[in-house]
Amino acid sequence: MKKQYRLRIFDFLNCLSDILDWISPVLNDHHKQVALMAMRLAEALELPVLEQNEIVCAGILHDIGAISLAERMETMRFENTTGQSHAELGYYLINIFEPMKKAADMIRFHHVPWESGKGRFYKGWQVPLGSRILFLADHIALLIKKNREILGQIEDIKARIIHESDVLFEPALVDAFLNLADREYFWLDLVSPLIGKQLEQSVKLEAIFLNNQDLLAFSSLIRRMIDFRSPFTATHSSGVSATAQYLGKLAGLNESECFELKVAGYLHDLGKLAIPTEILEKPDKLTNEEFNLMRAHTFYTYRVLQPIEDLAQINMYGSYHHERLDGTGYPFRLSRKDLPLGSRLLAVADVFTALTEDRPYRKGMSNEQTILILDKMGENNKLDPEIVNLIKIDHDSINQARIEAQNSSRDEYRKFLAEIG
Ligand SMILES: [Fe+2]
Ligand SMILES: [Fe+2]
Ligand SMILES: [Fe+2]
3 MKKQYRLRIF DFLNCLSDIL DWISPVLNDH HKQVALMAMR LAEALELPVL
53 EQNEIVCAGI LHDIGAISLA ERMETMRFEN TTGQSHAELG YYLINIFEPM
103 KKAADMIRFH HVPWESGKGR FYKGWQVPLG SRILFLADHI ALLIKKNREI
153 LGQIEDIKAR IIHESDVLFE PALVDAFLNL ADREYFWLDL VSPLIGKQLE
203 QSVKLEAIFL NNQDLLAFSS LIRRMIDFRS PFTATHSSGV SATAQYLGKL
253 AGLNESECFE LKVAGYLHDL GKLAIPTEIL EKPDKLTNEE FNLMRAHTFY
303 TYRVLQPIED LAQINMYGSY HHERLDGTGY PFRLSRKDLP LGSRLLAVAD
353 VFTALTEDRP YRKGMSNEQT ILILDKMGEN NKLDPEIVNL IKIDHDSINQ
403 ARIEAQNSSR DEYRKFLAEI G
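Using our numbering, the letters of the sequence shown map in sequence onto residues 3 to 423.
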């Protein structure tokens, strides 16, 4: 029987939004606020449940395309008028996964103002109602002052929104908002520490079942979110994935385990979404504080994937890639006896790829240098020496598989850059 993976997309997105907003305290729950408000508006407009769900999914990821911290901050200004590029980027990132296509369309146009109805279209494309709902919800969220209690702010926020009715916002949506705005719960939920729970309970999203091909599409979407943030990382996960899969075969893992290694390679750096690109791309040595932030990334990979029970094995393979056999790795300080073969394989694949891949500021290392370093790590009980041996025996074909995967990712990344202009 073919394996199926059960996924409640919403639970996953909910966690993902946590780490997206974790980059800065200023962003605190922004994605959740927009998602919850968009859902309340969609309910008030009596949109079909299916559409409500798509709107919530779009809301919870709407700024995924704003990649650096500076850009994320820019999206947090009410008056910001340069939102189209991150919206477009968000669209291209997620529209490759069928169940998210509608949400991708909504994200694409979530910065198009209404302008007395002109905003029904953008450059000839029809703007979905969901986009206009997100646009309004986003702006309401931006008007909330974090350092003041919320109920005293309602009248000011209403006034600002009314002022922009028919200019920025569709009047019918403003009416729906004004109706909600008189109810305290609408506001209290937005600033409540329980907002994530509230969203989870309000969303009527069923679980879906993914076959291998679907899971690959889903993990590719995440790979693109992680890697395409920076030319420094644009192909890294593909390289790790191909290397790990190849090593898995050599180590005698069966087809399904090798497939899971491939997926784990795509997901292993998921937690980097919580790290500002300013740190990822820093040319100089990281300060202690920056390094500590960086070290948290595998912890976040683990926690974001944890609620998806059917990905438990993949999560272990991916999230343990900075654990070391002698127990000096992070974040769980596991040692050899706790690390499944898949995790040990992925750890080697990660180091191998990091050493051999070209980066914008340097060429990848030679075979000899790479083997020297891997050997040392094997001897010192950091990496599994038997796996390091596999690399030594079959170095050229492993490296070839890695290069091919990274080349094809590079093409994909270039195409992506061309699409977003
Ligand atoms: Fe935005
Ligand atoms: Fe936003
Ligand atoms: Fe990593």
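We put the CB at the ideal spot given by N, CA and C, even for glycine.
On a predicted model such as this, the values are computed, not experimentally measured, just so you know.
Check	Outcome
Tell me whether the beta-carbon of residue 19 lies closer than 8 Å to the beta-carbon of residue 5.	no
For the candidate residues 21, 130, 22 and 23, whose alpha-carbon lies nearest to that of residue 1?	For residue 1 there is no data in the structure shown, the boundaries of the chain being 3 and 423.
Per DSSP, residue 211 is paired with what?	8
Is there contact here, the segment 226-243 with the segment 378-394, by at least three beta-carbon pairs under 8 Å?	no
Would you mind listing the alpha helix (DSSP H) stretches within the segment 192-243 that are 4+ residues and don't spill past its ends, in chain order?	197-204 and 214-229
Using only the heavy atoms of ligand 1, determine whether one of them is closer than 7 Å to the beta carbon of residue 330.	no
Taking only heavy atoms of ligand 1 into account, decide whether any of them is closer than 7 Å to the Cβ of residue 31.	no
Out of 121, 144, 278 and 143, which has the shortest C-alpha to C-alpha gap to residue 133?	121
Buried or exposed: which applies to residue 60, given that a residue is buried once 16 or more other Cβ atoms fall within 10 Å of its Cβ?	buried
To the nearest angstrom, how far is it from the Cα of residue 190 to the Cα of residue 32?	14 Å
Using 8 Å as the threshold, is the C-beta distance between residue 41 and residue 204 below it?	yes
Which residues in the same chain have their Cβ closer than 6 Å to the Cβ of residue 274, if we skip the five residues on either side of it in sequence?	228 and 299
Which residues bound the alpha helix (DSSP H) around residue 289?	Looking at the DSSP string, residue 289 is not in any alpha helix (DSSP H), and its letter there is neither H nor E.
When burial is assigned at 16 or more other CB atoms within 10 Å of the CB, is residue 424 buried or exposed?	The structure shown does not extend to residue 424, since the chain spans only 3 to 423, so no value can be given for it.
Please tell me whether, using a cut-off of 7 Å, the distance from the CB of residue 20 to the nearest non-hydrogen atom of ligand 2 is below it.	no
Let me have the residue list for ligand 1: C-beta closer than 7 Å to any non-hydrogen atom, ordered along the chain.	64, 65, 68, 77, 85, 88, 89, 112, 113 and 140
How should residue 352 be labelled, buried or exposed, when 16 other C-beta atoms within 10 angstroms of its C-beta is the threshold for buried?	buried
Would you say residue 28 touches ligand 2, meaning its beta carbon is less than 7 Å from a heavy atom?	no
Taking the alpha-carbon positions, what's the residue 421 to residue 86 distance?	13 Å
Just checking my contact of residue 316 with residue 295 at CB under 8 Å: how many whole Å lie between their CB atoms?	The Cβ separation is near 25 Å, so there is no contact.
When the Cα of residue 284 is compared with those of 313, 233 and 267, which residue comes out closest?	233
Just the C-alpha distance for residue 96 and residue 381, rounded to the nearest angstrom, thanks.	42 Å
When you compare only the Cα positions, how much space is there between residue 148 and residue 80?	14 Å
Measuring only from the beta carbon, is residue 390 closer than 7 Å to any heavy atom that is part of ligand 2?	no
Does the segment 318-333 come close enough to the segment 263-271 to have 3 or more Cβ pairs within less than 8 Å?	yes
Quick one: is the Cβ of residue 36 within less than 7 Å of any heavy atom of ligand 2?	yes
Taking all protein chains shown into account, decide if residue 187 is buried (16 or more other Cβ within 10 angstroms of its Cβ) or exposed.	exposed
Please go through the same chain and pick out, in chain order, the residues whose beta-carbon is closer than 7 Å to the beta-carbon of residue 16, but skip the five residues on each side of it.	62, 198, 201 and 202
Assuming residue 346 and residue 241 make a contact with CB atoms under 8 Å, what is their CB distance in whole Å?	Going by Cβ atoms, the distance from residue 346 to residue 241 rounds to 18 Å, so no, they are not a contact pair.
Report all residues from its chain with a CB closer than 7 Å to the CB of residue 54; omit the five preceding and five following residues, and keep chain order.	41, 44 and 45
Quick one: residues in its chain with C-beta nearer than 6 Å to the C-beta of residue 178, no 5 flanking neighbours on either side, listed in chain order?	43, 46 and 47
Return the Cβ separation of residue 142 and residue 156 in integer angstroms, given the expectation that the two are a contact with Cβ distance under 8 Å.	11 Å between Cβ atoms; not a contact.
Hey, would you say residue 52 sits closer than 8 Å to residue 209, going by beta carbons?	no
Apart from the five residues on each side of it in sequence, which residues of its chain come closer than 7 Å, Cβ to Cβ, to residue 308?	317
Throw me the rounded Cβ distance for the residue 146 and residue 192 pair, which I believe falls under 8 Å.	7 Å
At a cut-off of 7 Å, is residue 352 close to ligand 3 when judged by its beta-carbon and the heavy atoms of the ligand?	yes
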